[in-house]
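Worksheet: one structure, shown below.
Number of protein chains: 2
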Amino acid sequence: MSEGDKIWTAGLVVIGDEILSGRTHDKNIAQVASWLQVQGIRLAEVRVVPDVMERIVEAVNALREANDYLFTTGGIGPTHDDITVDAVARALGVEVVVHPEARAMLERYYKSIDKELTEARLRMARVPEGADLIPNRMSGAPGIKFGNIHLMAGVPHITAGMLDALTGTLEGGAPLLSETIGCWTPESEVADILRQAEKDHLHCQIGSYPFFREGRVGANFVIRSTDREDLDACVAALSSALESAGFATTSGGI
Amino acid sequence: MSEGDKIWTAGLVVIGDEILSGRTHDKNIAQVASWLQVQGIRLAEVRVVPDVMERIVEAVNALREANDYLFTTGGIGPTHDDITVDAVARALGVEVVVHPEARAMLERYYKSIDKELTEARLRMARVPEGADLIPNRMSGAPGIKFGNIHLMAGVPHITAGMLDALTGTLEGGAPLLSETIGCWTPESEVADILRQAEKDHLHCQIGSYPFFREGRVGANFVIRSTDREDLDACVAALSSALESAGFATTSGGI
């Protein structure tokens, strides 16, 4: 495999009791996943862990060793249950320090809204020693970048701002392209056709996503590849095979 | 710790490229998490992995060894990318067989909608040898139960039906109780109060969940415990400390 073919991967650790209790519906997995696709980086695994030091350390170490990049969401706020910085510092074997620039950002932010920079708020300037900051235009409290590790907020629209700040800064491979073919048929009717199309197009993967809508059964078939030519050929072959078998297709999905 | 105090835990493996690509927003984590709470079982970790044999095997083995129960969602349909049954059988070191009762269910179902039980559809009757079935009233294709391992559908409303069929059948501990206090204040203003309340109530955990709504900053504080008395005492102490510090609280959350 040449350098240009390298598949860049990322792991994501979602940190927070609120996700594991079902109280909060995670929105960051989909958000980070979609953003990574555009950067040419594949999300290889997600782990959701509670606000417990050893569990965060374990997940961070497992996923940073297995992937080119690691992202975390959650646990970087000002309260006692926000222990992501401490856990990542422990995983890396470095100290936790107050980042002078983060402190200055927080001072400016709280001054602008006429509030004190309390001890609790100053927690949000703590970083693993040697880390850089990821700007956050929403609330003054920055995200944290330590080599290929990125610590981001749990609140989805703040995470979005941090991803925006990182856009284009990470090395990635060819972005994964995808095309969707929709079909008002149970996927089980066309399983053989899907299997054959994937077999015939080595650089493509086909996912089958069934749904029930308006009282009818259908499926979207998503063809993914980093190779535009093979992707287009696979889409054409699959559409034609489905049509020949008597199933009308909807380009772009249903 | 006496037997009655045992904390029962579960791991969840969410299987599917569509979640890791960001195409599909997962709804099963929150659904399974909430359901487990009611069964007195704590969701200890979630892993999201792609439709790749070794990755599923690895996650299944890690989480089943670490927890009392394991659940999976996704990858039990009729198409080529549905390999959960094969992966779990490999993790368990058993063969994959066609379950006669599952086969009969599928035969009845497809006959009822005037369709053939094709080879592809018959895939949905395959189970790790020795497994039992979890009924699925939606589509005929059952979930699979093998000891403390439960393989469920990826489509959320089918998963819901399978969870419903399992309700009350699993041994669990005292259900985790929770109360929520809402406050229109930045969480950073009250971090010390939260920390103190948690310290004073050993059987309680307090989570702080900030939000921005209607242009204002607030937070919900969720107090969790299996001990009703300590929970009520903590809620009373926290509410009173917040009110004393000048922050109006909303019982039940905002």
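As given, the protein sequences belong to chains A and B, one line each in that order.
One rule links them: number in my numbering = place in the first sequence (from 1) + 43.
One rule links them: number in my numbering = place in the second sequence (from 1) + 43.
Positions of the beta carbon are idealized from the N, C-alpha and C atoms, including for glycine.
Computed from a predicted structure; not experimentally measured.
Host beta strand (DSSP E) of residue i (start-end)
| i | result |
| --- | --- |
| B/Leu194 | 192–195 |
| B/Val100 | Careful: B/Val100 lies outside any beta strand (DSSP E), inside the alpha helix (DSSP H) at 96–109. |
| A/Trp51 | 51–58 |
| B/Ser221 | 220–226 |
| A/Ile249 | 248–256 |
| A/Ile156 | No beta strand (DSSP E) holds A/Ile156; DSSP gives it neither H nor E. |
| B/Arg267 | 259–268 |
| A/Arg164 | Per DSSP, A/Arg164 belongs to no beta strand (DSSP E); it is in the alpha helix (DSSP H), 162–165. |
Span separating the alpha-carbon of residue i from that of residue j
| i | j | result |
| --- | --- | --- |
| A/Asp157 | A/Leu220 | 48 Å |
| A/Ala73 | B/Phe114 | 21 Å |
| B/Ile236 | B/Asn263 | 14 Å |
| B/Ser287 | A/Arg146 | 29 Å |
| B/Glu162 | A/Asp243 | 20 Å |
| A/Asn179 | B/Gly118 | 38 Å |
| A/Thr52 | A/Asp111 | 5 Å |
| A/Thr293 | A/Ser251 | 14 Å |
| B/His123 | A/Pro253 | 13 Å |
| B/Arg164 | A/Asp207 | 44 Å |
| A/Met96 | B/Val265 | 20 Å |
| B/Leu160 | B/Ala174 | 21 Å |
| A/Asp60 | A/Arg107 | 22 Å |
| A/Ala15 | A/Gly289 | Examination of residue 15 of chain A is not possible in this model, given that chain A is present from 44 through 297 alone. |
| B/Arg259 | B/Leu63 | 33 Å |
| A/Pro121 | B/Arg238 | 11 Å |
| A/His68 | A/Pro93 | 14 Å |
| A/Ala217 | A/Arg256 | 35 Å |
| A/Arg66 | B/Ser77 | 7 Å |
| A/Lys357 | B/Gly190 | No statement about residue 357 of chain A is possible, as the shown extent of chain A runs from 44 to 297 and does not include it. |
| A/Ala125 | B/Ala240 | The amino acid occupying residue 125 of chain A in the given sequence is Asp; Ala does not appear at that position. If you take the alpha carbons of A/Asp125 and B/Ala240, they lie about 16 Å apart. |
| B/Ala105 | A/Ile297 | 37 Å |
| B/Glu150 | B/Met167 | 11 Å |
| B/Leu245 | A/Gly261 | 52 Å |
| A/Leu285 | B/Glu101 | 35 Å |
| A/Lys70 | B/Lys70 | 10 Å |
| B/Ile249 | B/Val91 | 27 Å |
Reference residue i; option with closest CA among the options
| i | options | result |
| --- | --- | --- |
| A/Val75 | A/His68, A/Thr67, A/Arg85, A/Asp124 | A/Arg85 |
| A/Ala276 | A/Tyr252, A/Ser294, A/Cys247 | A/Cys247 |
| A/Ala291 | A/Thr67, A/Arg256, A/Glu257, A/Val233 | A/Val233 |
| A/Tyr152 | A/Arg166, A/Met195, A/Gly183, A/Val137 | A/Gly183 |
| B/Ala87 | B/Ala109, B/Arg98, B/Glu101 | B/Ala109 |
| A/Gly295 | A/Glu101, A/Ile224, A/Ala240 | A/Ile224 |
| B/Ile99 | B/Leu285, B/Ile249, B/Gly261, B/Leu194 | B/Leu194 |
Neighbourhood of residue i by C-beta distance below 8 Å, restricted to the same chain and skipping five residues each side
| i | result |
| --- | --- |
| B/Val139 | Val128, Asp129, Ala132, Arg169, Val170, Pro171, Glu172 |
| B/Val103 | Val56, Leu113, Thr115, Ala130, Val131, Ala134, Ile192 |
| B/Leu176 | His142, Glu144, Ala145, Met148, Val170, Pro185, Gly186, Ile187, Lys188 |
Contacts that residue i makes with chain D (C-beta to C-beta distance below 8 Å)
| i | result |
| --- | --- |
| A/Pro253 | The structure shown has no chain D; the protein chains it does contain are A and B. |
Own chain partners of residue i with C-beta closer than 7 Å, once the 5 adjacent residues on each side are dropped
| i | result |
| --- | --- |
| A/Val89 | Leu55, Val57, Ile72 |
| A/Leu274 | Leu220, Glu222, Cys247, Ile266, Ser268 |
| B/Val137 | Pro171, Glu172, Gly173 |
| B/Ser45 | Note that B/Ser45 scores 45 on pLDDT, short of 50, meaning its location in the model is unreliable; the coordinates nonetheless yield the value given after this. Cβ within range, chain order: n/a, list empty. |
6 Å CB neighbourhood of residue i in its chain, flanking five on each side removed
| i | result |
| --- | --- |
| B/Gln82 | Leu213, Gly215 |
| B/Met181 | Ile201, Gly204 |
| B/Leu9 | Only positions 44 to 297 of chain B appear in this structure, which leaves residue 9 of chain B out of reach. |
Endpoints, alpha helix (DSSP H) assigned at residue i
| i | result |
| --- | --- |
| B/Asn71 | 71–82 |
| B/Leu285 | 271–287 |
| B/Ile297 | No alpha helix (DSSP H) holds B/Ile297; DSSP gives it neither H nor E. |
| A/Ile126 | First-last for A/Ile126: undefined, no H or E at that position. |
| A/Ile177 | From DSSP, A/Ile177 is part of no alpha helix (DSSP H) but of the beta strand (DSSP E) over 175–177. |
| B/Gly204 | 199–209 |
Can you confirm whether the region 277–285 of chain A touches the region 207–215 of chain A when touching is taken to mean that 3 or more C-beta pairs between the two stretches lie within less than 8 Å? The region 207–215 of chain A is not in contact with the region 277–285 of chain A.
Count the C-beta pairs between the region 143–157 of chain A and the region 268–278 of chain B that are closer than 8 Å, then say yes if the count reaches three, no if not. The region 143–157 of chain A vs the region 268–278 of chain B: no contact.
Specify whether the region 218–234 of chain B and the region 185–204 of chain B touch according to this definition: at least 3 beta carbon pairs, one from each stretch, less than 8 Å apart. The region 218–234 of chain B vs the region 185–204 of chain B: no contact.
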